[in-house]
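Colleague:
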Amino acid sequence: MSNTLFINKNILFILVAMAFFVTGCTSSSSMKNDLGQSEVNDPLEPVNRAVFKFNEGVDYVVFAPLARGYKAIVPKKGQTGIRNFLRNLASPIDFTNQLLQGDFEGAADVTGRFLLNTTFGLGGFIDIAESEAGVEYEGEDFGQTLAVWGVGDGPYVVLPFLGPSNARDTVGLAADTAGDPLNWYVNRTNRDWQAYTRAGLTAIDTKARLLDPMSELKESSLDYYATVRSIYKQFREAAIADRGSSSFAETVKKEEDAVSNVSTSYDDLDFANYDD
24 MSNTLFINKN ILFILVAMAF FVTGCTSSSS MKNDLGQSEV NDPLEPVNRA
74 VFKFNEGVDY VVFAPLARGY KAIVPKKGQT GIRNFLRNLA SPIDFTNQLL
124 QGDFEGAADV TGRFLLNTTF GLGGFIDIAE SEAGVEYEGE DFGQTLAVWG
174 VGDGPYVVLP FLGPSNARDT VGLAADTAGD PLNWYVNRTN RDWQAYTRAG
224 LTAIDTKARL LDPMSELKES SLDYYATVRS IYKQFREAAI ADRGSSSFAE
274 TVKKEEDAVS NVSTSYDDLD FANYDD
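Residue numbering for the sequence shown follows my numbering, beginning at 24 and increasing consecutively.
(1) What's the call for E163, buried or exposed, on a 16-neighbour Cβ count within 10 Å?
(2) May I ask you to report which of helix, strand or coil DSSP gives G186?
(3) If you follow the alpha helix (DSSP H) that A95 is in, where does it begin and where does it stop?
(4) Which value, in whole angstroms, describes the spacing of the CA atoms of G125 and I96?
(5) Can you tell me which of V84, W172 and R106 puts its alpha carbon nearest to the alpha carbon of A302?
(6) Taking the CB atoms as reference points, tell me whether A190 and P204 lie closer together than 7 Å.
(7) In this structure, what does DSSP give as the bridge partners for V180?
(8) Can you say whether G146 is buried or exposed, counting buried as having 16 or more other CB atoms within 10 angstroms of its CB?
(9) Is the number of C-beta pairs between the region 67-77 and the region 169-184 that are closer than 8 Å three or more?
(10) Could you tell me which of L185, D117, F143 and S154 sits nearest to F86, measuring between CA atoms?
(11) Whole angstroms is fine: what's the gap from K55's alpha carbon to A170's?
(12) Which residue marks the beginning of the alpha helix (DSSP H) containing S154, and which one marks its end?
(13) To the nearest angstrom, how far is it from the Cα of F108 to the Cα of A198?
(14) Please name the residue, chosen from R214, D235, A231 and S253, that lies closest to A90 on a Cα-to-Cα basis.
(15) Measuring only the C-alpha atoms, how far is I151 from S243?
(16) By the three-class DSSP mapping on this structure, what secondary structure does W172 have?
(17) Assign L233 to one of three DSSP states: helix, strand, or coil.
(18) When we look at the beta-carbon of R252 and count the other beta-carbons within 10 Å, is it buried (16 or more) or exposed?
(19) Where R18 and T200 are concerned, what is the direct C-alpha to C-alpha distance, given to the nearest angstrom?
(20) Is the separation between the beta-carbon of L122 and that of A130 shorter than 7 Å?
(21) Secondary structure at Y160, three-state DSSP: helix, strand or coil?
(22) Do you know how far the Cα of N140 is from the Cα of E153?
(23) If you draw a straight line from the alpha carbon of T212 to that of N206, how long is it in whole angstroms?
(24) Mapping the DSSP letters down to three states, classify V84 as helix, strand or coil.
(25) With H, G and I counted as helix, E and B as strand and the rest as coil, what does DSSP make of F323?
(26) Please classify P88 as buried or exposed, where buried requires at least 16 neighbouring CB atoms within 10 angstroms.
(27) Go to N111, then tell me how far its alpha helix (DSSP H) extends in each direction, as first and last residue.
(28) If you drop the 5 nearest sequence neighbours on each side, which residues of the same chain put their C-beta closer than 6 Å to that of Y255?
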């Protein structure tokens with residue numbers, strides 16, 4: 024066990040060092056438009072556009088049909104419960120990043136939410152912390168932590184299957200994956216199916232939430248790639264600044280609210296008889 028922890032610490036150190044190296048030269052040289060507004064640094068645009076096109080194809084063939092089926096089969100309260108459960112599983116990562124950012128109040132909120140929802144919310148399927156205590160979910164990741172530490176976002180990249188990112192957030196994703204206690208447990212117990220199930224549910228839930236907003240965005244965009252690139256930057260800047268949400272995030276939030284309607288409670292657990 025000690026060897027595993029030693030390896031993970033070394034991996035984390037290497038990832039942080041990579042983040043500073045990759046983004047250090049680009050953080051202060053972001054392009055500016057005529058209005059003085061920051062633009063996305065995209066030196067890999069031809070490659071990114073090719074990967075973006077590939078992802079669109081995979082999305083059309085695999086993820087979009089799965090998301091439509093998920094929305095059609097799983098009742099709305101069931102979708103909310105699954106989303107709550109996935110967020111609860113992410114609590115250790117949220118907690119760690121809140122601490123690393125020096126946000127001790129946020130870390131306390133994450134701890135309280137986890138204890139309440141795990142104990143009284145049926146393992147996290149019911150968000151008791153928000154509905155009863157008013158403590159809302161606030162996701163944090165190592166990409167945000169690196170930004171708080173002063174690491175620039177670096178060049179924009181489009182990851183195969185995963186979509187838009189940047190150098191800093193890609194390193195952050197790798198660090199969060201390496202540091203996730205659930206992944207440690209899965210690796211030690213050879214229960215890979217649990218990791219695959221979680222990843223699959225997360226992908227389908229995310230796609231289901233974005234299905235309609237992204238479809239509308241694509242129809243209204245002259246350059247869909249450039250629009251998604253701009254929205255990703257705005258979304259991440261809003262998340263890092265903890266200033267609420269970008270305009271697109273607000274659209275997605277409305278979609279979530281439409282699914283949830285009201286907070287899931289114990290009375291909503293009869294999913295089979297739930298009337299949409």
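Every residue, glycine too, gets a C-beta built ideally from N, C-alpha and C. Since this is a predicted model, take the numbers as computed values, not measurements.
Modeller: Based on what the coordinates show:
(1) buried
(2) strand
(3) From DSSP, the alpha helix (DSSP H) with A95 extends over A87 to I96.
(4) 42 Å
(5) Outside the shown range of the chain (24 to 299) lies residue 302, about which nothing can therefore be said.
(6) The answer is no: Cβ separation not under 7 Å.
(7) Per the DSSP secondary-structure output, V180 pairs in a beta bridge with S188.
(8) exposed
(9) Counting Cβ pairs under 8 Å, three or more are found: they touch.
(10) L185
(11) Residue placement at K55 is poorly supported in this model, since its pLDDT is 43, which falls under 50; the coordinates still yield a value, given next. Going by the C-alpha atoms only, they are around 20 Å apart.
(12) Element bounds for S154: I151 to A156.
(13) 22 Å
(14) Closest by C-alpha distance to A90, out of R214, D235, A231 and S253, is A231.
(15) 38 Å
(16) Note: W172 maps to coil in three-state DSSP.
(17) helix
(18) buried
(19) The question about residue 18 has no answer here: the residues shown for the chain are numbered 24 through 299.
(20) It is a contact, given that the beta carbons lie within the stated cut-off.
(21) It is coil, neither helix nor strand.
(22) Approximately 9 Å, taken between the alpha carbons.
(23) 10 Å
(24) Helix, per DSSP.
(25) Outside the displayed range of the chain (24 to 299) lies residue 323, so it cannot be described from this structure.
(26) exposed
(27) K99 to L112
(28) P187
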